[in-house]
DNA sequence: GTCTATAATTTGATAGAC
DNA sequence: GTCTATCAAATTATAGAC
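What follows is the structure in structure tokens.
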């Protein structure tokens, strides 16, 4: 009995995901420019030629990963904003969740690295630049709004909400990169110390 | 009259410095793997061939930059430690100086980026890996000591000194990278807000 | 000291067999 | 769908002229 169209699609998607996952590992460690197509193929345990059945180029794989990273981040930001909680509880929830992700979700620091690298490098493909421009500010604005709400509620420190949001995200990015650089044996910071930076 | 040996050495050193400076610009923006020798030569306005009169390879240039970066950082850490001030004043001095460097010293964020990239990437040359291993902990230990002193003096928050030191450095690194990613028009954070994270 | 030209190598992408 | 073989382009590094 031949495979159904549905089965074919699922198999194809799973192969695609496998390649994307391998590419994420490679890109996050070596960067876009230093990652060879052969690195990705080897990590995915497939031949170099087969990879081109699923993606047209290295840049396309990279763009797909960045797109996915922002999609998840924006989804998370929206969910957080919509939570029926006072601002200080939203902040507590966000920090605990993000620290948890850094600790135990292997892909999370990789995505952070990917976005950090893309924002800095000017040698990313044009398509990716556009994605970054369209999305880079969203998480900052989302958190700035929550911090401003918290100030109205009297629970958040009295600095400019935009500045607090910058501090918030560079702390998260910094911790993710710190873990990526130092590996599993890194000094995991007390979540209360992080919360302390933002809440009264 | 022929140039003296001394004059020759100075001319040679200045050319070397010019190449290193161009390489720092290129590496910090594109990363080690994506930076081509021709990029560096073009940035320095010299031919590709001439570059090889001063450095054996791209890796050698990279190693030289990393070596220099750690040298400066360790020097600064030692000077700070030796300052005849109470711990909270040392911390204030360090933060104000580092924020100032991020703002107005163009090379500073570039060095931060360089070290951040080298710590994460596993495709750095072996010589560089050794330099990183030997030096990576020094700034963390120096600041942890100062925070511990400050706790004895009653001016620093009561979290683990090692954890505070991690938070300190990821904040600095994060701000440097944030500026590098967003360019001159970035949101510059209130220094008092940063200080607030560490001092009682 | 400096450049141009080029050799040698690496790498991205394609073609064709199974 | 998958792999091996191969082409074409890019890149490092060297050689030789000025």
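Protein chains in written order, with this note's numbering: chain A, 45 to 244; chain B, 45 to 244.
C-beta atoms are modelled at their ideal positions from N, C-alpha and C, and glycine is treated no differently.
As the structure is a computational prediction, the values presented were derived from the model and not from experiment.
Exercise for the section: Report the rounded CA-to-CA distance for residue 195/A versus residue 107/B, giving the unit in angstroms. Expected result: Along the first chain, read from residue 1 onward, the residue named residue 195/A stands at position 151. Along the second chain, read from residue 1 onward, the residue named residue 107/B stands at position 63. Spanning the two alpha carbons is a distance of roughly 47 Å.
Practice task
Please report the residue range of the alpha helix (DSSP H) in which residue 210/B lies.
Solution key: Sequence index remark: in the second chain, residue 210/B carries index 166 (1-based). From DSSP, the alpha helix (DSSP H) with residue 210/B extends over 205 to 226.
Practice task
Check whether the Cβ atoms of residue 54/A and residue 67/A lie closer than 8 Å to each other.
Solution key: Start at 1 with the first residue of the first chain, and residue 54/A comes out as number 10. Start at 1 with the first residue of the first chain, and residue 67/A comes out as number 23. No, Cβ-Cβ distance for residue 54/A and residue 67/A is not below 8 Å.
Practice task
Leaving aside the five residues before and after residue 114/B along the sequence, list all residues of the same chain whose C-beta is less than 7 Å from its C-beta, in chain order.
Solution key: Here residue 114/B is taken as the residue at index 70 of the second chain, counted from 1. Correct list, in chain order: 175 and 179.
Exercise for the section: Check whether the Cβ of residue 199/A lies closer than 8 Å to any Cβ atom in chain B. Expected result: Translated into the one-based positions of the first chain, residue 199/A becomes position 155. Closer than 8 Å: no.
Exercise for the section: From the DSSP output, read off the bridge partner residues of residue 200/B. Expected result: Looking up residue 200/B in the second chain gives position 156. DSSP, once it has assigned bridges, lists 243/B as partnering residue 200/B.
Exercise for the section: Step through the CB atoms of chain B and report whether any lies within less than 8 Å of the CB of residue 54/A. Expected result: Position 10 of the first chain, counting from 1, holds the residue named residue 54/A. It does not; no Cβ of chain B falls within 8 Å.
Problem - is_contact[residue 214/B, chain A] using C-beta, thresh 8 Å - result: On the second chain, position 170 is the one that residue 214/B refers to. With respect to chain A, the C-beta atom of residue 214/B has a partner C-beta closer than 8 Å.
Problem - Residues of its chain near residue 190/A, where Cβ-Cβ distance is below 6 Å and the 5 sequence neighbours each way are ignored - result: If you number the first chain from 1, residue 190/A lands on position 146. Around residue 190/A, the same chain offers 131 and 134 as residues with beta carbons nearer than 6 Å, after the five sequence neighbours per side are excluded.
Problem - Test item: CB-CB of residue 109/A and residue 71/A under 8 Å - result: Taking the first residue of the first chain as 1, we reach residue 109/A at position 65. Taking the first residue of the first chain as 1, we reach residue 71/A at position 27. A contact, by the Cβ cut-off of 8 Å.
Practice task
Verify the CB distance criterion: does residue 164/A have a CB-CB separation below 8 Å to chain B?
Solution key: Within the first chain, the letter at position 120 stands for residue 164/A. It does; some Cβ of chain B falls within 8 Å.
Handout entry: Of the listed residues 235/A, 187/A and 123/A, nearest to residue 144/A (C-alpha basis)
Key = Position 100 of the first chain, counting from 1, holds the residue named residue 144/A. Nearest C-alpha to residue 144/A: 235/A.
Handout entry: Candidates 201/B, 63/B and 96/B: closest to residue 88/B by CA position
Key = Taking the first residue of the second chain as 1, we reach residue 88/B at position 44. Nearest C-alpha to residue 88/B: 63/B.
Practice task
Compare the beta carbon distance of residue 243/B and residue 210/B with 8 Å and say whether it is the shorter of the two.
Solution key: Here residue 243/B corresponds to residue number 199 of the second chain, with the count starting at 1. Here residue 210/B corresponds to residue number 166 of the second chain, with the count starting at 1. Residue 210/B sits away from residue 243/B, with the two beta carbons spaced by 8 Å or more.
Exercise for the section: Determine, using beta carbons only, whether residue 163/A and residue 215/B come nearer to each other than 8 Å. Expected result: Indexing the first chain from 1 puts residue 163/A at position 119. Indexing the second chain from 1 puts residue 215/B at position 171. Between residue 163/A and residue 215/B, the gap from beta carbon to beta carbon reaches 8 Å or more.
Practice task
Under 7 Å between beta-carbons, which chain B residues line up against residue 233/A? List them in chain order, please.
Solution key: Position 189 of the first chain, counted from the first residue, corresponds to residue 233/A. Residues of chain B passing the Cβ test: 207, 210 and 211.
Exercise for the section: Count the other CB atoms, across all protein chains shown, that sit within 10 Å of the CB of residue 161/B; report buried if there are 16 or more and exposed otherwise. Expected result: The sequence position of residue 161/B within the second chain is 117, counting from 1. Here residue 161/B is buried, its C-beta having at least 16 other C-beta atoms within 10 Å.
Exercise for the section: Given a cut-off of 8 Å, decide if residue 223/A and residue 146/A are closer than it, judged by their beta-carbon atoms. Expected result: Locating residue 146/A in the first chain gives position 102, counting from the first residue. Locating residue 223/A in the first chain gives position 179, counting from the first residue. Against a cut-off of 8 Å, the Cβ pair of residue 223/A and residue 146/A comes out as a contact.
Handout entry: residue 205/A versus 156/B, 237/B and 166/B, residue with shortest Cα-Cα distance
Key = In the first chain, residue 205/A corresponds to position 161, counting from 1. With distances taken between Cα atoms, residue 205/A lies closest to 237/B.
Problem - Buried/exposed call for residue 77/A, threshold 16 Cβ in 10 Å - result: Here residue 77/A refers to the residue found at position 33 of the first chain. The residue is buried, with at least 16 neighbouring Cβ atoms inside 10 Å.
Practice task
Taking all protein chains shown into account, decide if residue 165/B is buried (16 or more other Cβ within 10 angstroms of its Cβ) or exposed.
Solution key: Position 121 of the second chain, counted from the first residue, corresponds to residue 165/B. Within a 10 Å sphere around the beta-carbon of residue 165/B sit 16 or more other beta-carbons, which makes this residue buried.
Problem - residue 231/A beta carbon less than 8 Å from that of residue 207/B - result: In the second chain, residue 207/B corresponds to position 163, counting from 1. In the first chain, residue 231/A corresponds to position 187, counting from 1. Using a Cβ distance threshold of 8 Å, residue 207/B and residue 231/A count as a contacting pair.
Practice task
Compare the Cα-Cα distances from residue 167/A to each of 75/B, 177/B and 181/B and report the closest residue.
Solution key: By 1-based counting over the first chain, the position of residue 167/A is 123. Nearest in C-alpha terms to residue 167/A, of all of 75/B, 177/B and 181/B, is 75/B.
Exercise for the section: Just the C-alpha distance for residue 213/B and residue 91/B, rounded to the nearest angstrom, thanks. Expected result: Taking the first residue of the second chain as 1, we reach residue 213/B at position 169. Taking the first residue of the second chain as 1, we reach residue 91/B at position 47. Taking the straight line joining both Cα atoms gives about 39 Å.
Exercise for the section: Kindly give me the distance between the Cβ atoms of residue 121/B and residue 182/B, rounded to whole angstroms, as I take these residues to be in contact under 8 Å. Expected result: Working through the second chain from its first residue, we reach residue 121/B at position 77. Working through the second chain from its first residue, we reach residue 182/B at position 138. Yes, residue 121/B and residue 182/B are in contact; Cβ-Cβ is about 6 Å, under 8 Å.
Exercise for the section: Measure how close the beta-carbons of residue 239/B and residue 139/B come, nearest whole angstrom, since I'm counting them as under 8 Å. Expected result: Stepping through the second chain from its first residue, residue 239/B is reached at position 195. Stepping through the second chain from its first residue, residue 139/B is reached at position 95. Your pair residue 239/B and residue 139/B checks out as a contact, with CB atoms roughly 6 Å apart and the cut at 8 Å.
Problem - Within chain A, partners of residue 221/B - CB distance below 9 Å - result: As a first step, residue 221/B is located in the second chain; it is residue number 177 there, counting from the start. Correct list: 160, 163, 164, 214, 217, 218 and 221.
Practice task
Verify the CB distance criterion: does residue 101/A have a CB-CB separation below 8 Å to chain B?
Solution key: Within the first chain, numbered from 1, the residue matching residue 101/A stands at position 57. Not an interface residue.
Practice task
Could you tell me the distance, in whole angstroms, from the CA atom of residue 48/A to the CA atom of residue 86/A?
Solution key: The residue labelled residue 48/A in the question sits at position 4 within the first chain. The residue labelled residue 86/A in the question sits at position 42 within the first chain. Rounded to whole angstroms, the separation of the alpha carbons of residue 86/A and residue 48/A is 30 Å.
Exercise for the section: Could you name the residues of the region 75 to 103 of chain B whose beta carbon sits closer than 7 Å to any beta carbon of chain A, in the order they occur along the chain? Expected result: For the region 75 to 103 of chain B, the beta-carbon criterion of a distance under 7 Å to any beta-carbon of chain A is satisfied by 75, 76, 77 and 78.
Practice task
With hydrogens ignored, establish whether the beta-carbon of residue 52/B is closer than 7 Å to any heavy atom of the ligand NAP.
Solution key: For the structure depicted, the ligand NAP is absent and the ligand set is empty, with no information on it obtainable.
Exercise for the section: Give the secondary structure of residue 235/B by DSSP, where H, G and I count as helix, E and B as strand, and everything else as coil. Expected result: Taking the second chain and counting its residues from 1, one reaches residue 235/B at position 191. Taken through DSSP and simplified to helix, strand or coil, residue 235/B comes out as helix.
Exercise for the section: Report yes if the CB atom of residue 192/A is closer than 8 Å to the CB atom of residue 125/A, and no otherwise. Expected result: Residue 192/A sits at position 148 when you count from the first residue of the first chain. Residue 125/A sits at position 81 when you count from the first residue of the first chain. Taking 8 Å as the Cβ cut-off, residue 192/A and residue 125/A do not qualify as a contacting pair.
Exercise for the section: Please classify residue 160/B: does DSSP put it in a helix, a strand, or coil? Expected result: Counting from one through the second chain, the residue named residue 160/B turns up at place 116. Correct three-state label for residue 160/B: helix.
Handout entry: Of the residues 93/B, 111/B and 50/B, the one placed nearest residue 171/B, counting alpha carbons only
Key = What you label residue 171/B is simply residue 127 of the second chain in a count that begins at 1. Measuring from the Cα of residue 171/B, the nearest candidate turns out to be 111/B.
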